[in-house]
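Working notes, beginning with the structure itself.
Number of protein chains: 2
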Amino acid sequence: MTSIITEMFRNMVFTEHELQYMQGKLKKIRLQKKDFLLQEGEEVHDIYYIHDGCLRTYFIDTTGKEHTLQFAVKGWWTSDYIALFGRERTKSVSYIECIKDAVLYQISKDDFDILCDEMPKISRFHIKNLESAFAAFHRRILENLTLSAKERYLNFIKSYPTIEQNVKNYHIASFLGITTESLSRIRREIASE
Amino acid sequence: MTSIITEMFRNMVFTEHELQYMQGKLKKIRLQKKDFLLQEGEEVHDIYYIHDGCLRTYFIDTTGKEHTLQFAVKGWWTSDYIALFGRERTKSVSYIECIKDAVLYQISKDDFDILCDEMPKISRFHIKNLESAFAAFHRRILENLTLSAKERYLNFIKSYPTIEQNVKNYHIASFLGITTESLSRIRREIASE
DNA sequence: CGCGACGTTGATTTGCCTCAACGATTGTGG
DNA sequence: CCACAATCGTTGAGGCAAATCAACGTCGCG
Numbered sequence: 001m002t003s004i005i006t007e008m009f010r011n012m013v014f015t016e017h018e019l020q021y022m023q024g025k026l027k028k029i030r031l032q033k034k035d036f037l038l039q040e041g042e043e044v045h046d047i048y049y050i051h052d053g054c055l056r057t058y059f060i061d062t063t064g065k066e067h068t069l070q071f072a073v074k075g076w077w078t079s080d081y082i083a084l085f086g087r088e089r090t091k092s093v094s095y096i097e098c099i100k101d102a103v104l105y106q107i108s109k110d111d112f113d114i115l116c117d118e119m120p121k122i123s124r125f126h127i128k129n130l131e132s133a134f135a136a137f138h139r140r141i142l143e144n145l146t147l148s149a150k151e152r153y154l155n156f157i158k159s160y161p162t163i164e165q166n167v168k169n170y171h172i173a174s175f176l177g178i179t180t181e182s183l184s185r186i187r188r189e190i191a192s193e
Numbered sequence: 194m195t196s197i198i199t200e201m202f203r204n205m206v207f208t209e210h211e212l213q214y215m216q217g218k219l220k221k222i223r224l225q226k227k228d229f230l231l232q233e234g235e236e237v238h239d240i241y242y243i244h245d246g247c248l249r250t251y252f253i254d255t256t257g258k259e260h261t262l263q264f265a266v267k268g269w270w271t272s273d274y275i276a277l278f279g280r281e282r283t284k285s286v287s288y289i290e291c292i293k294d295a296v297l298y299q300i301s302k303d304d305f306d307i308l309c310d311e312m313p314k315i316s317r318f319h320i321k322n323l324e325s326a327f328a329a330f331h332r333r334i335l336e337n338l339t340l341s342a343k344e345r346y347l348n349f350i351k352s353y354p355t356i357e358q359n360v361k362n363y364h365i366a367s368f369l370g371i372t373t374e375s376l377s378r379i380r381r382e383i384a385s386e
């Protein structure tokens, strides 16, 4: 029997019993474009696996500007990690918005922790993911320190071609930390080369 | 018996046997100011626990400028995480320099992975650390997107008072992503308030 | 003492932002 | 299916924060 579980854990092999056990902790969620998975101030207890569609995590600063932290497409996991993983649990500081109709699977962080304790292969999977993310974060910080807006944009469309198709330019701008006007000028410049 | 191991794992309790087993995988390292723990191009196999002193991780961009990714003081762990945790293992892209005489304990990533497999409490410890770091990274990216150089500086000296004492201003500047001149002007501005 | 490393200051430049206006594209109700 | 509105993207003018370039104090150390 094939299951969403095997997709979530990158084709890891499970027994029928394990599959049913894990399945019981999952909840399927359908979202439409513009729906919010999470809004600022809400309590955060869950993590979400994206089976299809596209979401973005952003927060709004004191001047009202949006800043995009992360996009998530098929195969990715998302949540408000600041609230969920921070040393002291806080309410959500960000918004997670559906930007392309999506199908998600939700599991509570508590249940996920239990799975990690009960099943070493899940624990290893989680560690591997976190380590990869760790490296990716270092790379992103390093890029932010080093590259010009234009270079960061070129980098983005090269690194995330799947995401580029789903998102608006102003989403990309807010991810890169620039204004839509600047991005527009950058795109013109690139087109003229 | 008290051991460096209990310090490394935040007062976790171990049996005498466990302590000796783990001790066998550790190597003590002493570094003096200006020594390098790691240089660009070297192979990376180990992670390092800082028992004392201060280190900084930086890399040099194509124009020769230094960018500081991370400082590390007592109680922290460090390595070139891009090389060590990245999906494909690469040689080091950064330098880790001792900026205050230091005592470290080295353990290979392979051995650490073995410990995680053999000892669930180590696995949980590792996951907890990675998750906290994950949240911290999100916060740092968010700050970089939001705050002015002056705000980031004030934030830095508030968040890391222990580090501030050990590092030069130009280290802080390269951590914040600004020039030493700009930092100097910011400090003057703050002093005059 | 004298040298090198570090920090400061000033003048100028630059990359990106802000504000304002105007096309282009998308979506929706009649 | 069209008409119109809303959303999104582009362009221009002007401004500002931080970079660059250059010079000069200051501190610590051989």
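These protein sequence lines are chains A and B, in that order. Heads up: the first sequence begins at 1 in the numbering used here, then just goes up one per residue. Heads up: the second sequence begins at 194 in the numbering used here, then just goes up one per residue. Each residue gets a CB set at the ideal place from its N, CA and C atoms; glycine is no exception.
Quiz prompt | Which of helix, strand or coil DSSP assigns to Q165 of chain A | solution = Position 165 of the first sequence, counting from 1, holds the residue named residue 165 of chain A. Residue state, collapsed to three classes: helix.
Quiz item: Can you name, in chain order, every residue of its own chain whose Cβ lies under 7 Å from the Cβ of D304 of chain B, other than the five neighbours on each side?
Solution: On the second sequence, position 111 is the one that residue 304 of chain B refers to. Closer than 7 Å at Cβ, skipping near neighbours: K218.
Quiz prompt | chain B contact residues for H126 of chain A, given Cβ-Cβ distances below 8 Å | solution = As a working mapping, residue 126 of chain A is identified with position 126 in the first sequence. Here the neighbours are I320.
Quiz prompt | Neighbour flag for R56 of chain A against chain B, beta carbons, 8 Å | solution = The residue you call residue 56 of chain A lines up with position 56 of the first sequence. Cβ-Cβ to chain B under 8 Å: no for R56 of chain A.
Quiz item: At what residues does the beta strand (DSSP E) containing L104 of chain A begin and finish?
Solution: As a working mapping, residue 104 of chain A is identified with position 104 in the first sequence. Its beta strand (DSSP E) spans residues 95 to 108.
Practice problem: Pick out whichever of A:K28, A:I50, A:K121, A:D35 has its Cα sitting closest to the Cα of E18 of chain A. | Solution: Locating residue 18 of chain A in the first sequence gives position 18, where the first residue counts as 1. When each option's Cα is compared against that of E18 of chain A, the closest is A:K121.
Self-check item: N166 of chain A vs I99 of chain A beta-carbon contact at 8 Å
Solution: Position 166 of the first sequence holds residue 166 of chain A. Position 99 of the first sequence holds residue 99 of chain A. Yes, the Cβ-Cβ distance between N166 of chain A and I99 of chain A is below 8 Å.
Quiz item: Which residues, in chain order, does the segment 59 to 70 of chain A contribute to contact with chain B at a C-beta distance below 7 Å?
Solution: F59, D61, H67, L69
Exercise. Note down, in chain order, every chain A residue with its Cβ under 9 Å from the Cβ of F202 of chain B.
Key: The residue you call residue 202 of chain B lines up with position 9 of the second sequence. Within chain A, no residue comes near F202 of chain B; the closest Cβ sits about 16 Å away, beyond 9 Å.
Quiz item: Buried or exposed: F327 of chain B, going by 16 or more other Cβ atoms within 10 Å of its Cβ?
Solution: Taking the first residue of the second sequence as position 1, residue 327 of chain B is located at position 134. Classification for F327 of chain B: buried.
Quiz item: Quick check: the segment 326 to 343 of chain B against the segment 140 to 158 of chain A, are there 3 or more CB pairs under 8 Å?
Solution: yes
Quiz item: Can you find a C-beta in chain A that's less than 8 Å from the C-beta of F234 of chain B?
Solution: As a first step, residue 234 of chain B is located in the second sequence; it is residue number 41 there, counting from the start. Going by the sequence as given, residue 234 of chain B is Gly instead of Phe. Chain A, which has no Cβ nearer than 8 Å to the Cβ of G234 of chain B, makes this no.
Quiz prompt | Alpha-carbon to alpha-carbon, R124 of chain A and L349 of chain B | solution = One-based indexing of the second sequence puts residue 349 of chain B at position 156. One-based indexing of the first sequence puts residue 124 of chain A at position 124. Correcting the residue type first, residue 349 of chain B is Phe in the shown sequence and not Leu. Between F349 of chain B and R124 of chain A, the C-alpha separation is close to 34 Å.
Quiz item: What whole-angstrom Cβ distance do H260 of chain B and Y251 of chain B have, given they're in contact under 8 Å?
Solution: Here residue 260 of chain B is taken as the residue at index 67 of the second sequence, counted from 1. Here residue 251 of chain B is taken as the residue at index 58 of the second sequence, counted from 1. With a Cβ gap of about 6 Å, H260 of chain B and Y251 of chain B count as contacting.
Quiz item: S182 of chain A CB to nearest chain B CB: under 8 Å?
Solution: To locate residue 182 of chain A, count along the first sequence from 1; it is residue 182. Output row for S182 of chain A: interface = no.
Quiz item: Measuring CB to CB, does A265 of chain B end up less than 8 Å from L248 of chain B?
Solution: Sequence index remark: in the second sequence, residue 265 of chain B carries index 72 (1-based). Sequence index remark: in the second sequence, residue 248 of chain B carries index 55 (1-based). Yes. Within cutoff.
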